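Trainee:
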């Protein structure tokens, strides 16, 4: 079966279960489990011989393979002792961090501090930009992410809330990253050695129950694992320990499973069934072998669901606020058009009656980049539904016209923006900005531009094609307060330069 047909049949938002292969695909500084341990051992001793000795000593005779948890435990013991004996040597910075934390009564392992050091940077490989961008876009259709990775790549890619350890319990599953093996932001949370896993198994029951609930109710897509991966085996063992393998519930879970397995240079993405044994029971799961992850991400992005996963989270947070005793204003209306804008609106009823979402023009400015990237036609159409945009308001209409070319208020709002940009440039040309200032960093470093003129300089230099639009976009995405006129003005300058010519041509 084709990947688009398979994913297109989903009725709920899928959950991603992400392993080390995902980070290895995109990052220069990433490791699978054995390579991470080997890297640390070689850094510690200067050769691979100590690692090879540890690996031999950690062979599980029954399985005829290395017990990596046991190896990690032995390596941790050796690493920590070596750093105790050599305070100011090669790993002085790790010892510095260790003693700094120890002075605040925090118990920490030097070994885990070094793991965090190795994984802290996000350095992308070449030629992954398009795939990474598509992953970001398709996250609108992802319920949540479960990962055994320690690094911060997922936090960099999606605006989800990371949860570690007991934070996972009873959490809102929508818009969440479950970091079940810990995170480099909390070195003590990292699950790596035999003692870590023993402790993890003791405390895992409630987390396990939460994950099983996700597996039952949502499609699960595994990325960055192979079918032989111990994590996959453990998950299936966990599920079918609680769910009878031949039950209807088990069949539903199997239908929901999709394992994406990396196959070098394979550009197709056909779904096949794969049989594996779990506790003596033969189970079939869906598998796709491919090197074309863009097809996977595009299939998820194209998934036509009535509401985005993040909107579900917002609604659940509103309900949580109401049930926890927040200030409530109740309004009952037969016609949603009669409602006035308020902080929050939760509409429940027939889809025949509920067709609109009430938004201020300022909200569209705050959500500008997401709305355009997602091609959110329905929200953009709200511009024509009694949205009050005064002639004095800065509003970036051109980008929205790219998505909905037949907006009724297009001509009025584009003329309005053109006039405002023209008038603003007349004012800005009266300010003498210093020569040689050609990017945002230069503007903020320049002592010749007073603080009150910094944003004006950005607008002026954007209009004069001195500032790259991608740099301005990054600046706007990270802008501290997006509910200000200053933000909307700069955004409108970006919009004017980015899209005005395209709209004239079209």
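In the UniProt record's numbering, the protein residues as written are 1 to 506.
Every residue gets a Cβ at the ideal spot worked out from N, C-alpha and C, and that includes glycine.
These numbers were taken from a predicted model, which means no experiment stands behind them.
Taking just the CA atoms, how far does residue 145 sit from residue 93?
Mentor: Here residue 93 corresponds to residue number 93 of the chain shown, with the count starting at 1. Here residue 145 corresponds to residue number 145 of the chain shown, with the count starting at 1. Taking the straight line joining both Cα atoms gives about 33 Å.
Trainee: Does DSSP put residue 133 in a helix, in a strand, or in coil?
Mentor: Taking the first residue of the chain shown as 1, we reach residue 133 at position 133. Looking at residue 133 - three-state DSSP - the assignment turns out to be helix.
Trainee: What does the alpha-carbon distance come out to for the pair residue 407 and residue 384?
Mentor: By one-based count along the chain shown, residue 407 stands at place 407. By one-based count along the chain shown, residue 384 stands at place 384. Rounded to the nearest angstrom, the two C-alpha atoms are 7 Å apart.
Trainee: By the three-class DSSP mapping on this structure, what secondary structure does residue 273 have?
Mentor: The residue labelled residue 273 in the question sits at position 273 within the chain shown. Note: residue 273 maps to strand in three-state DSSP.
Trainee: Tell me the rounded alpha-carbon separation between residue 362 and residue 271.
Mentor: Taking the chain shown and counting its residues from 1, the one referred to as residue 362 is at position 362. Taking the chain shown and counting its residues from 1, the one referred to as residue 271 is at position 271. Distance between the alpha carbons of residue 362 and residue 271: 44 Å.
Trainee: Report the three-state DSSP secondary structure of residue 363 (helix, strand or coil).
Mentor: Along the chain shown, read from residue 1 onward, the residue named residue 363 stands at position 363. Reduced to three states, the DSSP call for residue 363 is helix.
Trainee: Per DSSP, what kind of secondary structure is residue 507 in: helix, strand or coil?
Mentor: Because the chain in this structure spans residues 1 to 506, residue 507 falls outside the shown range and cannot be described.
Trainee: Return the first residue and the last residue of the alpha helix (DSSP H) that residue 82 is part of.
Mentor: Counting from 1 along the chain shown, the entry for residue 82 is found at position 82. Run containing residue 82: 68-85, per the alpha helix (DSSP H) assignment.
Trainee: Considering just the uninterrupted stretch of the beta strand (DSSP E) at residue 286, what are its terminal residues?
Mentor: Counted from its first residue, the chain shown places residue 286 at position 286. Element bounds for residue 286: 281-290.
Trainee: Please give the ranges of any beta strand (DSSP E) in the stretch 178-253, keeping only runs that are unbroken, at least 3 residues long and fully inside the region.
Mentor: 220-223
Trainee: At which residue ranges does the stretch 102-130 contain complete alpha helix (DSSP H) runs of 4 or more residues, listed in the order of the chain?
Mentor: 110-119
Trainee: Flag this pair as touching only if the stretch 15-24 and the stretch 150-158 have three or more C-beta atom pairs under 8 Å; answer yes or no.
Mentor: Contact holds: three or more Cβ-Cβ distances are below 8 Å.
Trainee: Between which residues of its own chain and residue 351 is the CB-CB distance below 6 Å, once the five residues before and five after are set aside?
Mentor: As a first step, residue 351 must be located in the chain shown, where it is residue number 351. Low local confidence applies: a pLDDT of 40 at residue 351 is under 50, so the model's placement there is unreliable, with the coordinate-based value given in what follows. For residue 351, where only same-chain residues beyond five positions count, there are no Cβ hits under 6 Å.
Trainee: Just to check my reading of the structure: residue 158 and residue 136 have Cβ atoms closer than 8 Å, yes? What is that Cβ distance to the nearest angstrom?
Mentor: Here the question's residue 158 lines up with position 158 in the chain shown. Here the question's residue 136 lines up with position 136 in the chain shown. About 7 Å separates the CB atoms of residue 158 and residue 136; that is less than 8 Å, so the two are in contact.
Trainee: Identify the residues that DSSP records as bridge partners of residue 15: which are they?
Mentor: For this step, residue 15 is matched to residue 15 along the chain shown. For residue 15, the pairing in a beta bridge is given by DSSP as 144 and 220.
Trainee: Using the C-alpha atoms, what's the distance from residue 217 back to residue 256?
Mentor: Start at 1 with the first residue of the chain shown, and residue 256 comes out as number 256. Start at 1 with the first residue of the chain shown, and residue 217 comes out as number 217. Cα to Cα, the separation comes out at about 9 Å.
Trainee: Work out the CA separation of residue 395 and residue 413 for me, nearest whole Å.
Mentor: Along the chain shown, one-based indexing puts residue 413 at 413. Along the chain shown, one-based indexing puts residue 395 at 395. Using only the alpha carbons, I get a separation of about 8 Å.
Trainee: Can the beta-carbon of residue 260 be found less than 8 Å from the beta-carbon of residue 223?
Mentor: Within the chain shown, the letter at position 260 stands for residue 260. Within the chain shown, the letter at position 223 stands for residue 223. Their beta carbons are under 8 Å apart, which means residue 260 touches residue 223 by this criterion.
Trainee: With a CB to CB cut of under 8 Å and the five nearest residues on each side skipped, what residues in its chain are close to residue 124?
Mentor: Sequence index remark: in the chain shown, residue 124 carries index 124 (1-based). Excluding positions up to five away in sequence, the list reads 26, 27, 28 and 132.
Trainee: Could you please give the first and the last residue of the uninterrupted alpha helix (DSSP H) stretch that includes residue 477?
Mentor: Taking the chain shown and counting its residues from 1, the one referred to as residue 477 is at position 477. DSSP places residue 477 in the uninterrupted alpha helix (DSSP H) bounded by 469-477.
Trainee: Taking the alpha-carbon of residue 431 as reference, which of 445, 421, 449 and 417 has the nearest alpha-carbon?
Mentor: Numbered from its first residue, the chain shown carries residue 431 at position 431. Selected option, being the one with the closest Cα: 449.
Trainee: For residue 335, count the other beta carbons within 10 Å of its own beta carbon; 16 or more makes it buried, fewer makes it exposed. Which is it?
Mentor: On the chain shown, residue 335 is found 335 positions in, with the first residue counted as 1. Because residue 335 carries a pLDDT of 48, less than 50, the predicted location of this residue cannot be relied on, and the following value inherits that uncertainty. So residue 335 ends up on the exposed side.
Trainee: Helix, strand or coil for residue 156, going by three-state DSSP, please let me know.
Mentor: For the purposes of this step, residue 156 is taken as residue 156 along the chain shown, with counting starting at 1. Judged by DSSP in its simplified three-state form, residue 156 adopts helix.
Trainee: I need the boundaries of the alpha helix (DSSP H) containing residue 379, first residue and last residue.
Mentor: In the chain shown, counting from the first residue as 1, residue 379 sits at position 379. Taken as a continuous stretch (DSSP letters only), the alpha helix (DSSP H) holding residue 379 covers 377-380.
Trainee: Looking at the unbroken alpha helix (DSSP H) that takes in residue 22, where does it start and where does it end?
Mentor: As a working mapping, residue 22 is identified with position 22 in the chain shown. Unbroken alpha helix (DSSP H) run through residue 22: 20-26.
Trainee: Do residue 398 and residue 499 have their C-beta atoms closer together than 8 Å?
Mentor: Mapped onto the chain shown, residue 398 falls at position 398. Mapped onto the chain shown, residue 499 falls at position 499. Cβ distance < 8 Å, so residue 398 and residue 499 count as in contact.
Trainee: Let me know if residue 415 comes out buried or exposed under the rule of 16 or more other beta-carbons within 10 Å of its beta-carbon.
Mentor: For the purposes of this step, residue 415 is taken as residue 415 along the chain shown, with counting starting at 1. Label assigned to residue 415: exposed.
Trainee: Is the stretch 240-250 touching the stretch 33-43 in the sense that three or more CB pairs, one from each, lie closer than 8 Å?
Mentor: Segment contact: the stretch 33-43 against the stretch 240-250, fewer than three CB-CB distances shorter than 8 Å; contact not assigned.
Trainee: Which residue or residues does DSSP assign as beta-bridge partners of residue 257?
Mentor: Reading the chain shown from its first residue, position 257 is the one you call residue 257. According to DSSP, which records beta bridges pairwise, residue 257 is partnered with 220.
Trainee: Give the secondary structure of residue 173 by DSSP, where H, G and I count as helix, E and B as strand, and everything else as coil.
Mentor: Residue 173 sits at position 173 when you count from the first residue of the chain shown. If DSSP states are grouped into helix, strand and coil, residue 173 belongs with coil.
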